[in-house]
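Quick note on numbering: the sequence shown equals residues -15 to 105 in the numbering used here.
Here's the structure, in structure tokens; my notes come after.
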Amino acid sequence: MITVKPLSFEPQKFALKIDPEVFVVIKPATFADEGTRFAMLFADRKSAPMTEVASVELWLTFVECNILNAETGEPILKAGLTYEEFAAGLSAIWAFDPDIVWDMHEKSRQVNPRWNPEGNA
-15 MITVKPLSFE PQKFALKIDP EVFVVIKPAT FADEGTRFAM LFADRKSAPM
35 TEVASVELWL TFVECNILNA ETGEPILKAG LTYEEFAAGL SAIWAFDPDI
85 VWDMHEKSRQ VNPRWNPEGN A
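Rendered as structure tokens:
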């Protein structure tokens, strides 16, 4: 007999390693997100740079985080941004501390385990 564990469809909130008060909320990818991910990353090539993979996967699964622009006090990343807008905000975070982006991406992969190399990337 096979037992199937259903995936959670609720967004999950994670504290980031930089500071327990800094958080990111990640949602499970939808079927449409899966198609977009494939089209953006692999439709015309066999592999993509890991930085691009992280950026696309975060954009597709991002709900919110409380990393603020020091000048404006507004969140650097917001849901609903175009990919280009999101990637620009992510680049600003990357320039400050790449470990923050990798931590956020790790959370995206935790919510979407099939994107991990051992889960069919």
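Ideal Cβ positions, reconstructed from N, Cα and C, are used throughout, including at glycine.
query: Just how far apart, CA to CA, sit PHE26 and VAL37?
result: 10 Å
query: From LEU65 to ARG98, what does the alpha carbon distance come to, in whole angstroms?
result: 25 Å
- prompt: Roughly how many angstroms lie between the CA atoms of LYS11 and ALA76, to the nearest whole one?
  reply: 22 Å
ALA6 versus PRO33, MET88, LYS62 and THR35, residue with shortest Cα-Cα distance: Residue 6 is actually Val in this sequence, not Ala. It is MET88 whose Cα lies nearest to the Cα of VAL6.
- request: Rank MET34, PHE15 and SER39 by C-alpha distance to the C-alpha of PHE70 and give the top, closest one.
  value: SER39
message: Here's a check: name, in chain order, each residue in its chain whose Cβ is nearer than 6 Å to the Cβ of ALA32, leaving out the five neighbours to either side.
response: LEU25
task: Note the first and the last residue of the continuous alpha helix (DSSP H) segment covering ALA16.
output: 15 to 25
query: So, is LEU0 buried or exposed, given that buried needs 16 or more other C-beta atoms within 10 angstroms?
result: buried
- prompt: Nearest to ALA63 by alpha carbon, out of THR56, ALA72, GLY57 and GLU48?
  reply: GLU48
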